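The sequence shown begins at 10 in this note's numbering and counts up one residue at a time.
Glycine included, C-beta positions come from ideal geometry on N, C-alpha and C.
What you are looking at is a predicted structure, and each value in this text was computed from that prediction instead of being measured.
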Amino acid sequence: MVREAIVISGNSLAAEIDGMYPKTRTPKKFANAMDANQSSNAGSVYSKTPRKHHKDINGKCHFQIDSVVSKLLSFVMAAIPKEMRAVGFTAPLPIDNPDSLVDIIADVPTVSGHKLLVQVKAIGVNPADFKIRLMSLAVEEAQRLYTGDHKTPKILGYDAAGAVVAVGPDVSLFKVGDEVFYAGGMIGQGSNAEYQAVDERIVGRKPASLSFTDAAALPMSSVTAYEAIFDRLGIARKDSSVNNPMKKSVLILNGAGGVGSMAIQLLKALTDLTVIASASRIDCMGD
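This is the structure in structure tokens:
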């Protein structure tokens, strides 16, 4: 479990984050942008038909690569358990109540359509996580809203990073073995589990420069900051060919928070704006 915000070292990671989000896109598809090379290699491996092995002139047997891939995938699928451990809640209780969080054993999700089955390696914690537990709805209404079944605990968690272990038949952006990160939604079960089924269209490739732990701290805060800067405000990206001695400035309120800290770094790395930020008094900020 990791804190919400991390610090980007240099501009390389900001460029990676920028590359994951398209310049023009339809809503809720922000994490799918990949260059042509990535897209061409990201098809569903289950659509390939294994080729038979052949013998060379010396009678030695060789397997085509698709046959090897098929065997590896069969091994991966066989290794996926039927059940998993998870953390959830059944009632909106204070965190110091021993029943506020419950350890549960749940079925490993199955995948269909555009869903990926991700083996979760790390999770992040956001304000949304505790706000879910603070909801004022009656317990049964809350459980029906989030799971469709008032008897099933709601598995918490939004931000996560992990590896794809299975794909649905309509998946075209990822394959088994890809390392990914994402912020899930309110509907369905969350990321505080060993496995999670998530739609490929809200998933991004984990930056190679980040560990799973660091990547899990990014999705919700970085997506919020990115969309606010480039989609809502329409701020232009850095252009070295333009001579602009009169730089404009931008003020980031609560620059020490998850979204604020990401906004500062994205603005500094990807725009020509002078960034000014506010934060709480040092004695109120904690460690």
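Contact between residue 123 and residue 179 holds: their C-beta atoms lie close to 5 angstroms from each other, under 8 angstroms. Relative to residue 211, the option among 226, 250, 194 whose CA is nearest is 194.
For residue 93, the enclosing beta strand (DSSP E) starts and ends at 92 to 98. Proximity of the region 120 to 134 to the region 197 to 210 meets the contact definition, three or more beta-carbon pairs being nearer than 8 angstroms.
When the Cα atoms are used, residue 143 and residue 248 turn out to be separated by approximately 45 angstroms. Residue 203 carries a coil assignment under DSSP once its states are collapsed to helix, strand and coil. Residue pairing by DSSP places residue 227 in no beta bridge whatsoever. Per the Cβ contact rule, the region 166 to 179 is in contact with the region 115 to 129 (3 or more Cβ pairs under 8 angstroms). Counting only the Cα atoms, residue 280 lies some 21 angstroms from residue 228. The DSSP-derived three-state label of residue 282 is coil. For residue 116, the uninterrupted beta strand (DSSP E) segment begins and ends at 111 to 116. In the DSSP assignment, residue 126 is bridged to 175, 206. Taking 7 angstroms as the cut-off, the beta carbon of residue 113 is found no closer than this to the beta carbon of residue 92.
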